[in-house]
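Top line first, the protein sequences correspond to chains A and B. So the first sequence is numbered by our numbering: it starts at 149 and just counts up by one. So the second sequence is numbered by our numbering: it starts at 149 and just counts up by one. Glycine included, every Cβ here is placed at the ideal spot set by N, Cα and C.
There are 2 protein chains.
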Amino acid sequence: MLTSNQNNHPKVPEVVVLRLPLYVRELTDMLQSDKNVVSSQQLGERLQMTPAQIRKDLSYFGKFGKQGRGYPISFLVNQLRSVLGLEKEWNCCIIGVGKLGKAVISYTGFNPEGFNIRAAFDDDISLIGQTVGGLYVQPITELEKTIRDKDISIGIVTVPAPNAQKVIDRMVASGLKSILNYAPVGLHIPPGVHIRHVDPLLSLQSMTYYLK
Amino acid sequence: MLTSNQNNHPKVPEVVVLRLPLYVRELTDMLQSDKNVVSSQQLGERLQMTPAQIRKDLSYFGKFGKQGRGYPISFLVNQLRSVLGLEKEWNCCIIGVGKLGKAVISYTGFNPEGFNIRAAFDDDISLIGQTVGGLYVQPITELEKTIRDKDISIGIVTVPAPNAQKVIDRMVASGLKSILNYAPVGLHIPPGVHIRHVDPLLSLQSMTYYLK
DNA sequence: CAATGTGAACGTGTTCACAGCA
DNA sequence: TGCTGTGAACACGTTCACATTG
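See below:
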C-alpha cells in the first residue's frame, strides 16, 4: 500500500479535490428537481464535463452509483459533503479589517455553508476594540490564544500586500493549516499548509491574452 | 503549421497563460531592487517554481534571456506585458450593483493596472439612474449600445446566482468575449468566450478536504 | 563557465472502451 | 439494456539533461 489513502483508494489528485465542491453545488441544486437519480452523462452536461471524468473522479472516493440507473442524488451529495468535511462547521478568523476585510466579514455566503468568522484581527490601533459586523477587533498579539480558545482552523487574509507574508507566517506559527488569501502577492508557505488565492486582477490579466 | 500560433511558437497551454501574470507581478516587484538581471533559478525561488518550468514557459513566447547571465528584468516585464496585452487600457462594465457590485466598483486594485470600469448596469428600478462610485447605473437594455459606444471588452458579473446565466447570455450576445464572474453558480458559455470565476466559498470547501 | 533554450523522458490527469452488474 | 467502475491508452504538462552561447 504505497500510494493509497486511508480508504484504500489511490492518492487523489488535487484537481479532483478542487472539482468536488462543484459537484456538491450542482447536485444540491438538483435536489430541488423531481428526479432523484442522475447519470454521469446528465451531470456532465450541466457541468460541461465528460461523463468519464465525473465517473473517474467519484471513483476515487467510493462506488456511489447503481449500474444501469446512475447516482442517487441526495446520497451522492451526502457522501461528497462527508468526503470534503462539509457536515461540520468550520471556525475562521480574519486578519485585516480595512475596507476589503469589512466586505468579507459582511459577505453572507459563508455562514449558510458552515464557515463562520469567529474572530477579527488588525494592527491598526484605531480599529482595535471596535466592533465590525458583530466581531470585536483584536490585536494580532492575541492570534494564537484566540485560535486555541475558539477552535479556529481557517485563516482569511485581507491585509495589504506588503503585510501579507508576515501575517501568514504568524498564522502558520499559530497552527493554522488552511488559509484563504485575498492579498495580491506571492507568498511562501511551508509544506502541509494549504492556501487558496482570491485575486480578480490576476484573472483579468490572464484573460486579456485571449482578447488580442 | 498545424499547432502553431501567429509567432511560430507551439500552441501555448492555458496553464502557462495563467502563470504569466504571476511572473509580471513578481518581476515588477523586482524592478525596485538594484539588480537588473534575474536567472530562472532566482525567479523560481521567489515563486516557488522550478527553474525549468519558468524557462519553458517563457520559451513559448520568445527568447528573452542571455546565456550565462539570465533575463533582463525590465525587458522581460515589458515583453510579458505585451504578450498579455497589458500595455493598453481595458474598458470593463459591471452588471449587478448590489452590495457585492458596489464593493467591486470601489475596489482600487483594477484601475492602476489598466482595467477601468466604465459602465454599471442593474435591473432594479430603484438603482437605475443613481450614481455609484462615479458610475451612472443604467438599465440592462442599454448594455449592447453602451458596450459599442464605450468600447467595452470585459464584463464583470456581480448579480445573484439565479440571474447570472441570463445576464451572461446577454453579455455574450452583445459581443463580450471575456467575463469575470463573481456569481457562485455553474455557467454555460459558448466556445471563444473566456470566463474566470471568483468564488471564495468553493476555495474554502476544497481546503477542508485536507483538514480532516 | 554560468545560465538559457529545448528536444526527450517522465509523470500525471483525461478519455476510451468495455466488463460487469442492476 | 443502460450506466457504472476501471484498467489501458492517450494527451498534456513538467522536469531533465545537455548542447549552445554570450
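Neighbours of ILE253/B across chain A, judged by C-beta separation under 9 Å, do not exist; the nearest C-beta is about 12 Å away. Listed as beta-bridge partners of ALA268/B by DSSP are ILE242/B and VAL285/B. Under the 9 Å criterion on CB atoms, LEU349/B is classed as interfacial with respect to chain A. Here CYS241/B has ALA267, ILE300 and GLY303 as same chain residues with Cβ atoms under 6 Å from its own Cβ, once five neighbours each way along the sequence are excluded. The three-state secondary structure of THR356/B, taken from DSSP, is helix. Here SER326/B is bridged, per DSSP, to ILE302/B and HIS342/B.
DSSP places LYS293/B within a helical segment (H, G or I) once states are collapsed to three.
Residue contact with chain A for LEU283/B: absent (no Cβ-Cβ distance below 9 Å to any residue of chain A).
Annotation: VAL320/B to LEU170/A spans about 23 Å, alpha carbon to alpha carbon. Non-local beta-carbon contacts of LEU349/A in its own chain, meaning distances under 8 Å to residues more than five positions away in sequence, involve PRO332 in chain order. With respect to the 9 Å criterion, SER354/B and VAL285/A are not classified as neighbours on the basis of their beta carbons. Along the segment 158-182 of chain B, the positions whose C-beta sits under 9 Å from a C-beta of chain A are VAL160, GLU162, VAL165, LEU166, ARG167, LEU168, PRO169, LEU170, VAL172, ARG173, GLU174 and ASP177, read in chain order. Residues of chain B whose Cβ lies closer than 8 Å to the Cβ of GLN353/A are, in chain order, LEU168, PRO169, VAL172, LEU232, LEU234 and GLU261. Counted as a single uninterrupted DSSP element, the alpha helix (DSSP H) harbouring ASN311/B occupies residues 309-321. Residues are counted here when their Cβ sits less than 7 Å from a Cβ of chain A; for the segment 317-348 of chain B these are LYS325, SER326, LEU328, PRO332, GLY334, HIS336, HIS342, ARG344, VAL346 and PRO348, given in chain order. Note on ARG296/A: under 16 other CB atoms within 10 angstroms of its CB, so exposed under the neighbour-count rule. When the Cα atoms are used, ALA200/A and ASP271/B turn out to be separated by approximately 40 Å. At least one beta carbon of chain A lies nearer than 9 Å to the beta carbon of ILE302/B.
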